[in-house]
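*Asks:*
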Amino acid sequence: MNYSRFITQISQNRKPSLIRELYETLTNASPELVFMAGGMPNPQMFPFQAASITLKDGRALTLHPKLMNDCLQYGPTSGYPPLVKHLKTLTQKLHDPPRWADTELIVTSGSQDGLCKAIEMMIKPGDYFATQEPCYTGTLSILHPYSLRYVPVEGDREGMKPEALRAALAPWKPEAARDAVDDVPKVLYVNPNACNPTGVSLTEERRHEIYQIASDYNLIILEDDPYYFVQFGDIKDYPPSFLSMDTDGRVLRFDSLSKILSSGIRIGFVTGPKPLIQRILLHEQASVLHANSLSQVLVSELLTLWGEDGFFKHTQSVQEFYFQQRNAMVKAAEQHLTGLCEWAVPTGGMFLWLKVNNVPDTWDMILERALKKNVILLPGKAFMCDQSQPSTFMRAAFSLITPEQMNIGLQNLAELIREEMTL
Ligand code: PMP
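Counted from 1, the sequence shown has number 487 at position 392 by the numbering used here; the numbering is strictly sequential.
1. Where the beta carbon is closer than 6 Å to any heavy atom of ligand 1, which residues qualify, in chain order?
2. Taking 6 Å as the limit between beta carbons, can you name the residues of its chain near Lys-183, skipping five residues before and five after?
3. What's the gap between the Cα of Asp-222 and the Cα of Thr-497?
4. Helix, strand or coil for Gly-475? Go by DSSP, reduced to three states.
5. Please report the residue range of the beta strand (DSSP E) in which Val-202 lies.
6. Considering Arg-100, what are the terminal residues of the beta strand (DSSP E) in which it resides?
7. Since Asp-350 contacts Asp-320 with CB under 8 Å, what's their CB separation in whole angstroms?
8. Could you spell out where the beta strand (DSSP E) holding Asp-350 opens and where it closes?
9. Would you please state the rounded distance, in angstroms, between the beta carbons of Gly-475 and Met-489? I believe it to be under 8 Å.
10. Within this structure, are the beta carbons of Tyr-444 and Gly-294 separated by less than 7 Å?
11. Is it the case that the Cβ atoms of Pro-229 and Phe-478 are separated by a distance below 7 Å?
12. Ala-259 lies in the alpha helix (DSSP H); which residues open and close that run?
13. For Leu-508, which residues from the same chain have a beta carbon less than 6 Å from its beta carbon, with the 5 sequence-adjacent residues on both sides left out?
14. Identify every residue that forms a DSSP beta bridge with Asp-251.
15. Would you decide whether Arg-421 is buried or exposed? Buried here means 16 or more other CB atoms lie within 10 Å of its CB.
16. Ala-309 lies in the alpha helix (DSSP H); which residues open and close that run?
17. So which of Asn-291, Phe-101, Ile-316 has the shortest CA-CA distance to His-303?
18. Going by Cα to Cα distance, which pick from Asn-387, Ser-494, Gly-363, Arg-194 is closest to Thr-342?
19. Please classify Met-131: is it buried, with 16 or more other beta-carbons within 10 angstroms of its beta-carbon, or exposed?
20. What does the alpha-carbon distance come out to for the pair Ile-305 and Leu-260?
21. Whose C-beta lies closer than 7 Å to the C-beta of Gly-504 among residues of the same chain, with five residues either side of it excluded?
22. On a CA-only basis, which of Ser-486, Leu-511, Met-424 is nearest Leu-435? Give me that one, please.
23. Which two residues bound the contiguous beta strand (DSSP E) that contains Glu-228?
24. To the nearest angstrom, how far is it from the Cα of Gln-430 to the Cα of Glu-415?
25. Excluding the 5 residues preceding and the 5 following Val-454 in the sequence, name in chain order all residues of the same chain whose CB lies nearer than 7 Å to its CB.
Written out as structure tokens, the structure is:
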């Protein structure tokens, strides 16, 4: 693929940082190399000696002085090499990208950092932008300052509707849109599994159709998939990722460790075509230099200690926890909201997306009156491209609360909705 039409002038103008590029050479440097290029502080002057972190299973992760040096020192922009190796092995195993030789991976400060940089690489003010709607609020906050012309695509219980995507793209002819640089959508944002906020996943059939449409229109797919490991059911039955079907080289996949290891650790990674990852890397070189070293070493050591079996055992326990939470939430919703709201049972993740019957807009109800009822959730409008329009939806998170709190919260919500209906 020729990627030049996807890359904005700002991104094209980025130049490699000389120091950062030389730094990459350190990874395989001979011990005889006298490195006088970088401005690296001497870690002997750092006050930390060693660390040991106790895991919940009782085992300890020990960061001895050499590892401590890696934790505290600057590192390569692409990521801490042992961690990159782990993540590549995992990605190859789970997604088996068809163009692996042309695929690269970069560690970022959470997937939000990767998304932000991918968008800056491809989007300029006033561009068209195709996205699922409702859309993750964090993506909307990245997009907002660009004053975009959104091409929103609606979904249902099976995720984004391919026919809605075709209809949304109908103003453009694929043959003309394919190579045009301006005034055409070039990017499609999708949150395929346990979507935030709808909680549902795209079916396999729809993924193939959407990929085909992206191919017809020459779109880059931004596959934002932080809930991959929080899908309910057997991992062997998970639908294929867009990355795994990417024969063209048009998918940038965003993974996150936030939902399974720690959100505060701020580790995510972006996988995709080398020329695009290279542009993200240049931006990373110029901004944060690299993701937090301590976090990267910690995760890498954890993955080594656990091995593949230990990692999957852990992700399964995370998934089972949220599965129980989901079941309790749906039970509470059935008890208190039947007749008042409609919902699809989440296929993963941590959200229940509620459509309220007979309340035309949930915004004022939630922001002005919900707190008085001791319940708070997010109004649907926050997930819409055009926030001047009313929304009858709202998003309830079930990740942190107990089944008792779910009962009380949804009972309070039911009272609020009943009062609202009589307003
Ligand atoms: N994308 C989606 C859909 C999310 O829900 C989140 C987290 N709320 C992110 C991206 C950002 O995740 P991270 O913590 O990895 O930056």
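Ideal Cβ placement from N, Cα and C applies to all residues, glycine included. Note that the structure is predicted; figures quoted are calculated from it, not measured.
*Replies:* Once the coordinates are examined:
1. Gly-205, Ser-206, Gln-207, Tyr-231, Gly-233, Asn-286, Asn-291, Asp-319, Pro-321, Ser-351, Ser-353, Ser-358, Gly-363
2. As a working mapping, residue 183 is identified with position 88 in the sequence shown. Once the five neighbours on either side are set aside, the close Cβ partners of Lys-183 are Leu-200.
3. Taking the first residue of the sequence shown as 1, we reach residue 222 at position 127. Taking the first residue of the sequence shown as 1, we reach residue 497 at position 402. Using only the alpha carbons, I get a separation of about 44 Å.
4. Mapped onto the sequence shown, residue 475 falls at position 380. The answer is helix: DSSP assigns Gly-475 an H, G or I state.
5. On the sequence shown, position 107 is the one that residue 202 refers to. 198-203 is the extent of the beta strand (DSSP E) around Val-202.
6. Sequence index remark: in the sequence shown, residue 100 carries index 5 (1-based). Counting along the chain, Arg-100 falls outside any beta strand (DSSP E), and DSSP gives it neither H nor E.
7. Here residue 350 refers to the residue found at position 255 when the sequence shown is read from its first residue. Here residue 320 refers to the residue found at position 225 when the sequence shown is read from its first residue. Their Cβ separation, rounded to whole angstroms, is 6 Å, which keeps Asp-350 and Asp-320 in contact under 8 Å.
8. Locating residue 350 in the sequence shown gives position 255, counting from the first residue. 346-351 is the span of the beta strand (DSSP E), which, as asked, contains Asp-350.
9. Position 380 of the sequence shown, counted from the first residue, corresponds to residue 475. Position 394 of the sequence shown, counted from the first residue, corresponds to residue 489. Right, their Cβ atoms sit about 5 Å apart.
10. For the purposes of this step, residue 444 is identified with residue 349 of the sequence shown, where counting begins at 1. For the purposes of this step, residue 294 is identified with residue 199 of the sequence shown, where counting begins at 1. The question names Tyr, but residue 444 in the sequence shown is Gly. Yes, the pair counts as a contact, with Cβ atoms nearer than the cut-off.
11. Position 134 of the sequence shown, counted from the first residue, corresponds to residue 229. Position 383 of the sequence shown, counted from the first residue, corresponds to residue 478. Cβ distance < 7 Å, so Pro-229 and Phe-478 count as in contact.
12. Walking along the sequence shown from the start, residue 259 turns up at place 164. Looking at the DSSP string, the run of the alpha helix (DSSP H) that includes Ala-259 is 257-264.
13. The residue you call residue 508 lines up with position 413 of the sequence shown. Counting only Cβ-Cβ distances below 6 Å, and skipping sequence neighbours, we find Val-470.
14. Your numbering for residue 251 matches position 156 in the sequence shown. Answer is Gly-254, bridged to Asp-251.
15. Sequence index remark: in the sequence shown, residue 421 carries index 326 (1-based). That one is buried.
16. Stepping through the sequence shown from its first residue, residue 309 is reached at position 214. Segment 299-312, the alpha helix (DSSP H) holding Ala-309.
17. The count along the sequence shown starts at 1 and reaches residue 303 at position 208. Of the candidates Asn-291, Phe-101, Ile-316, the one whose C-alpha sits nearest the C-alpha of His-303 is Ile-316.
18. Walking along the sequence shown from the start, residue 342 turns up at place 247. That would be Arg-194, whose Cα lies nearest to the Cα of Thr-342.
19. Indexing the sequence shown from 1 puts residue 131 at position 36. Per the 10 Å Cβ criterion, exposed.
20. In the sequence shown, counting from the first residue as 1, residue 305 sits at position 210. In the sequence shown, counting from the first residue as 1, residue 260 sits at position 165. Going from the Cα of Ile-305 to the Cα of Leu-260 covers about 8 Å.
21. As a first step, residue 504 is located in the sequence shown; it is residue number 409 there, counting from the start. Excluding positions up to five away in sequence, the list reads Val-470, Ile-496.
22. Against the sequence shown, residue 435 aligns to sequence position 340. Per the Cα distances, Leu-511.
23. Numbered from its first residue, the sequence shown carries residue 228 at position 133. It spans 223-228 - the beta strand (DSSP E) in which Glu-228 sits, taken as one unbroken run.
24. Within the sequence shown, the letter at position 335 stands for residue 430. Within the sequence shown, the letter at position 320 stands for residue 415. Answer to the nearest angstrom: the Cα atoms are 23 Å apart.
25. Position 359 of the sequence shown, counted from the start, is the residue given in the question as residue 454. Excluding sequence neighbours, Val-454 sits near Met-460, Thr-487, Ile-512, Glu-515, Met-516.
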